[in-house]
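Encoded as structure tokens, the structure appears first; notes follow it.
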Amino acid sequence: MSRKTSRREFIQNTSAIGAALFVGGAVDLRGQERSANEQLNVACFGVGGKGGSDSSNAATFGNIVAICDVDRGTLESKGKSKGFENSEKFTDYRELLAKYGKKIDICNVSTPDHMHGPITLAAMKLGISCYTQKPLTRTIYEARLLATVAKETGVCTQMGNQGTALDSSREAIAQIKSGVLGTLKEVYAWSNRPVWAQGPGRRMNLEKFTAQAKKEDPDNAAKLIDKKKEEIAKAMEKVDWKNWLGVAPPREFWPGIYHTFQHRGWWDFGTGALGDMACHQLTVPFASCGLRDPISVVAKSTGHDFDSFPASSIIKFEFPETSERPAIPFWWLDRKGNKPPMEVFEKHGITNVSDSGVLIVGEKGAFYSSDDYCGKYELKGVDKVKVDYEKALPDGKTDGGNYDVVNMQELFRAKRMGDPKIAKSNFIDRAGPLTETILLGNLAVWAAATGGAEGAMGEWGEKVEWDAKNLKVTNLAALKTPRVADLIKPVYAEGHKLD
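Heads up: the sequence shown runs through residues 76 to 574, numbered per our numbering.
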């Protein structure tokens, strides 16, 4: 079989005949079908933690050309594993893209949340198809921007909310859209996250540590301080802290509270429990109930200091009426044990409520899922109806298998077929709008900074009224500040700019 035209050849040839389409500085590469026998070249950004499994999944379907991670130890270790031996290593994503950008077909972005948007955007503008972990971005505007650029360039995209690749979640969406529950009334989702530290007063630096050591153990303070300095120096031999911070404001490195895995609990780097898990748990409600473009959101929390997210929160979204359903509320609750009132479940015969789950209430019955991905579900008060839905694997079911792998495979299949819509959590139709919806909740959490006594839940904060079309808060002057503007549409320094 003859070899298909490569990306580089395609760009050169179409430029020569004046047929290349450039939109906003990005190369349009839509409609390029690839041979099943042709290797797709892959770059991986973030190869530790979730990036470890994501990059290994990508290596199953493509040729790993280059890998990037700010942790040099992780980078070296991954580079020795099967499928990565010949990959070039980087700690700065910009250097990787500058050298290999036009040789890469697909990239995987599994970094801390705050770098999802900048890396993915830079890759898409080079015509690279992207598999980006959830949440798609840290901020609302970035989610919309990635969807816009995906549409303009025609690249294939997929967010890493792997429950989308479960046949059971796809069946559930079809069941609810069939009208089996009757008129939809309300939606709930609750999570046992965070399982990482969150709450006020968590930031640490050498000045603060020194003061504490001198106060709490003056006789040994000097030794404690020297030991901590050695620990920091040793850790920073492995971590490229400047590139870990990336687009975030400067702050002092401190072992164990940012890297690894702890980024989610910080406003500058993460999106809290909501951003971490709602992208999974709302897979079915978002697609079946039309949870787009909320008009308001309000929250209460255990308190935060505008630096670290609260230990626990409750958020209420209000969605306007659509042609398919009346106006509907959505409730989010996070922290283990923080669940909707028991009477909400008892109405539908549910007596044993899971630590994480989803409940969709209709006039005729309810949908109840007791897991993070809506893979296992029950219909309460009504029977299932016969529905048609598109399976993630045309030749078999994903349930019971590794749907994390299947979610990645779906992107590769979309790329080979030249059809971005094969990937069901693509940025345009699902991942972008879903992330926009979810992240609005964090504006309400920001406005609910006062908690109750001794870590208890505080009172409701002020309601945030939202103009989804223009991405603007329409009421609270307190939310029209540079810090809040950063949660909506950030302004990054030269070298990372979005527009």
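All residues carry an ideal CB built from backbone N, CA and C; glycine is no exception.
Report buried or exposed for residue i, applying the criterion of at least 16 other Cβ atoms within 10 angstroms of its Cβ.
i: T214; result: buried
i: Q273; result: buried
i: L96; result: Residue placement at L96 is poorly supported in this model, since its pLDDT is 28, which falls under 50; the coordinates are not used for a value here.
i: N550; result: exposed
i: Q208; result: buried
i: A249; result: buried
i: D188; result: buried
i: N482; result: buried
i: V539; result: buried
i: M311; result: exposed
i: D447; result: buried
i: T335; result: exposed
i: R558; result: exposed
i: G124; result: buried
i: G106; result: The pLDDT assigned to G106 is 46, lower than 50, so where the model puts this residue is not dependable, and the model offers no usable value.
i: N161; result: exposed
i: S398; result: exposed
i: E485; result: buried
Is residue i near residue j, with beta carbons less than 8 Å apart?
i: L546; j: N517; result: no
i: W580; j: A523; result: This structure does not reach residue 580, given that the chain is present from 76 up to 574, and the question cannot be answered.
i: C354; j: I513; result: yes
i: S253; j: V462; result: yes
i: A240; j: T510; result: no
i: G378; j: T232; result: no
i: S204; j: K490; result: yes
i: R339; j: P269; result: yes
i: T166; j: H191; result: no
i: K455; j: G440; result: yes
i: R277; j: S383; result: yes
i: Y263; j: W406; result: yes
For residue i, report the span of its beta strand (DSSP E) as first-last.
i: M234; result: 232–234
i: Y206; result: 204–207
i: Y437; result: Checking the sequence shown, residue 437 turns out to be Gly, not Tyr. 432–437 is the span of the beta strand (DSSP E), which, as asked, contains G437.
i: N132; result: It is not in any beta strand (DSSP E) - N132 instead sits in the alpha helix (DSSP H) that spans 125–136.
i: K564; result: First-last for K564: undefined, no H or E at that position.
i: F120; result: 116–120
i: S444; result: 441–444
Just the C-alpha distance for residue i and residue j, rounded to the nearest angstrom, thanks.
i: E246; j: V359; result: 9 Å
i: V520; j: F381; result: 10 Å
i: A225; j: V184; result: 15 Å
i: M532; j: P416; result: 15 Å
i: I179; j: I194; result: 14 Å
i: I403; j: R367; result: 11 Å
i: G100; j: D574; result: The predicted position of G100 is uncertain, since its pLDDT is 43 and thus under 50; a value taken from the coordinates is nonetheless stated next. Using only the alpha carbons, I get a separation of about 10 Å.
i: D351; j: P210; result: 6 Å
The alpha helix (DSSP H) that contains residue i, what's its start and end?
i: V419; result: 417–421
i: L468; result: L468 -> no alpha helix (DSSP H), and no H or E assigned at all.
i: K226; result: 215–228
i: N168; result: A quick correction: the sequence has Tyr, not Asn, at residue 168. Segment 168–175, the alpha helix (DSSP H) holding Y168.
Of all Cβ atoms in chain C, is any one closer than 8 Å to the Cβ of residue i?
i: I215; result: The structure shown contains no chain C; it is built from a single protein chain.
Q | Complete runs of the alpha helix (DSSP H) confined to the segment 343–404 [at least 4 residues] | A | 347–356, 358–364, all fully within the segment 343–404.
(Q) As an exercise, report each continuous alpha helix (DSSP H) stretch of at least 4 residues that is fully enclosed by the segment 474–508, in chain order. (A) Fully enclosed alpha helix (DSSP H) runs of no fewer than 4 residues occupy 478–492 of the segment 474–508, in order along the chain.
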